[in-house]
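Positions 12 to 549 (our numbering) are the ones given, in order, by the sequence shown.
All residues carry an ideal CB built from backbone N, CA and C; glycine is no exception.
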Amino acid sequence: MQKVNSAGPGNEVRARRTAAAKMYSASLVDWDARRDEVKEAFVTSWQGYSRYAWGQDRYHPVSGKGSQMSPSGLGWIIVDSLDTMMVMNLTEQLAESRKWLHRSLSYDQDQDVNTFETTIRMLGGLLGAHYLASRLPDVSSRRDSVYLSKAIDLADRLLSAYESRSGIPYASIHLGKKVGLPSHPDGGSSSMAEAATVQLEMKYLSQLTGDERYWRRAERVMQVLDGNGMEAGLLPIFVHPETGRFTTQEIRLGSRGDSYYEYLIKQYLQTSGREPIYLDMWNEALEGIQTHLITTTRASALKIVAELPQGIGGPLSPKMDHLVCFLPGAIALGATGGHPLTLARAQTDWTPAKESQIQLARDLMKTCWGMYAVTLTGLAPEIAWLDAAEEDLRPRPGDRRSSQRRTSDSLARWKEDFVIKPLDAHNLQRPETVESLFVMWRVTGDPLYREWGWKIFRGFVERTNAGLDRGFASVGDVNAVPPPLRDNMESFWLAETLKYLYLLFSPDDFIPLHEVVFNTEAHIFPRFESKWETGWKR
């Protein structure tokens, strides 16, 4: 077994030759043509939706039908797709969508909606469209006010979610009555990630309007969560909106935990570094992740992000949701601010710790790619279970081995480490891995990330096509060929997955990463300096 960082001029020469060969091979690829294929996939999906389900919230491509989340519809797919159409310069589709938005969409409805999903998809979609309408003037014929006016109306309704005793938002709201509603399945608790993944949207709206209410309500959530004083910056996944206290010990970076950590670093970047509290919280959390959640697989020494079902001090569970794959990109953003790695390394604040973070991002990116590479379809499951030795899952970090094993690149060894259970084998067209591939490409310039993204895209096109020009669907089993199709197309297929793939194959100066932040639904907001004193201190 080779040691990590094995020295010697021969190894250095081989590494340089390998890197040069990869760069030469990548230079022969027509990335513009690949980007156009992604655009074509979006257009195919959109044509199917427009033909069979126009104006409806859900699209069922296998049966060629649509369905609503409310009697009048919420614009779920249309609003979520607006800024992707702008990025892809799809002016005809955008014009039809804007017309529908202006004439048909009203949020004054007798309908309960999820606070988090409505914020990230609908409010985020409207705000992203408003921003890009000014940033990409060729896409819109004029500065359009319809997106912002709809956003303000929706946000005013969402404010009712924050009227709990603690300020933690209720899980849902009633749109027409403007009242917050606690979660019924979880004893009234709100998901921690959902409560802490509304800040980018509310802050940007305050910046646009000068109305501090949105900012202050969202900022209060972060203070309440931090006030629990949890160890190592790692937060349990449920919090009660009345008490502001956590109602479980379970810690994970998958569902109900993920985007809390994502929004820590993105809040810091959104306000151009003027709120250092979020950088402090991010650094604490990242150190906690490295200490308590990172372990290695048995056969190939892949780095994985495990879970703590009983909290810190309990044993690790080697379960890794696909949702966790936002993390490599977030780590790279935190280390570089979204700048190319060569530029970031030249800055005076570059440290060995940041260099280690970049290596961790690379390691985790490889694991996320492995979720795709080991399956028969080339598509990742919703959840993977990893094979790890018992000593690598022990409760206390000091009892776990400090693995210095070199990660194997053998696909056969990887397949020994991944266990995909039948109930976890579906693929919902999720974006987290391609999001991180996009960030890792922009930061490192390593063409490997583009190639992985291309293989993932081809897997989607070849395995999820619903036929008859109906677009693409979720699949039921990533290890069945052909895979059984589920009769559903998630809105994030259009809002996120295809957008990140399009940007991955675009020139680096198109939507520069260091000038914007992407919300957790891939809606694009500018970085800015706030109009008033913000941030808080412990």
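In the DSSP assignment, tryptophan 396 forms a beta bridge with Lys330, Val430. Inter-segment contact for the region 483 to 502 and the region 106 to 122 is absent: fewer than three beta-carbon pairs are separated by less than 8 Å. Distances from the CA of aspartate 41 to each of Arg405, Leu93, Pro458, Lys76 were compared; the closest alpha carbon is that of Pro458. Note: proline 72 is not bridge-paired with any residue in the DSSP secondary-structure output.
In this structure, leucine 93 keeps its C-beta atom at 7 Å or more from the C-beta atom of leucine 134. Taking a cut-off of 8 Å for Cβ pairs, the region 259 to 278 and the region 201 to 211 touch, as three or more such pairs fall below it. In this structure, the CA atom of serine 56 is about 45 Å from the CA atom of glutamate 401.
Counting only residues of its own chain and dropping the five nearest sequence neighbours on each side, glycine 299 has a CB closer than 6 Å to the CB of Ala243, Gly244, Leu245.
In chain order, Asp123, Val124, Thr126, Thr129, Arg168, Leu169, Ser171, Ala172, Val190, Gly191, Leu192 place their CB closer than 8 Å to the CB of isoleucine 184, counting only its own chain and leaving out the 5 sequence neighbours on each side. Rounded to the nearest whole angstrom, the C-alpha separation of threonine 259 and histidine 350 is 38 Å. Judged by DSSP in its simplified three-state form, phenylalanine 529 adopts strand.
Rounded to the nearest whole angstrom, the C-alpha separation of glutamate 51 and aspartate 420 is 33 Å.
In the three-state reduction of the DSSP assignment, glycine 139 falls in the helix class, which pools H, G and I. Minimum Cα-Cα distance from phenylalanine 536 among the listed residues Val54, Gly139, Trp226, Phe521 corresponds to Gly139. DSSP, read as helix, strand or coil, puts isoleucine 522 in coil. Here the region 70 to 86 makes no contact with the region 529 to 545; the two share fewer than three CB pairs at distances below 8 Å. When DSSP states are grouped into helix, strand and coil, histidine 303 belongs to the helix group. Ranked by Cα distance from alanine 317, the first of Gln104, Asp498, Asp269, Leu101 is Asp269. Ranking Ser160, Ile89, Ser117 by CA distance to the CA of arginine 132 puts Ile89 first. Per DSSP, the continuous alpha helix (DSSP H) segment holding phenylalanine 449 begins and ends at 443 to 455.
In the DSSP assignment, leucine 192 falls within the unbroken beta strand (DSSP E) covering 190 to 192.
Burial check for aspartate 91: the Cβ neighbour count within 10 Å reaches 16 or more, so the residue is buried. Residue state for serine 145 is assigned as helix, using DSSP reduced to three classes. When rounded, the separation of the alpha-carbon atoms in arginine 469 and alanine 296 is 35 Å. In the same chain as arginine 309, and ignoring 5 residues on each side of it, the C-beta atoms closer than 8 Å to its own belong to Asp398, Ala399, Ala400, Asp403, Glu427, Asp428, in chain order. If you compare the alpha carbons of Leu216, Ile323, Val150, Ile163 with that of arginine 407, the shortest gap goes to Ile323. With a 10 Å radius around the Cβ and a threshold of 16 neighbouring Cβ atoms, aspartate 332 comes out buried. Short of 6 Å from the beta carbon of isoleucine 394, and not among the five residues preceding or following it, lie these beta carbons of its own chain, in chain order: Asp332, Asp435. Our two residues, tryptophan 504 and proline 442, have alpha carbons roughly 7 Å apart in a direct line.
The residues Arg538, Phe539, Glu540, in chain order, have a CB closer than 8 Å to that of serine 283 in the same chain once the five nearest residues on each side in sequence are set aside.
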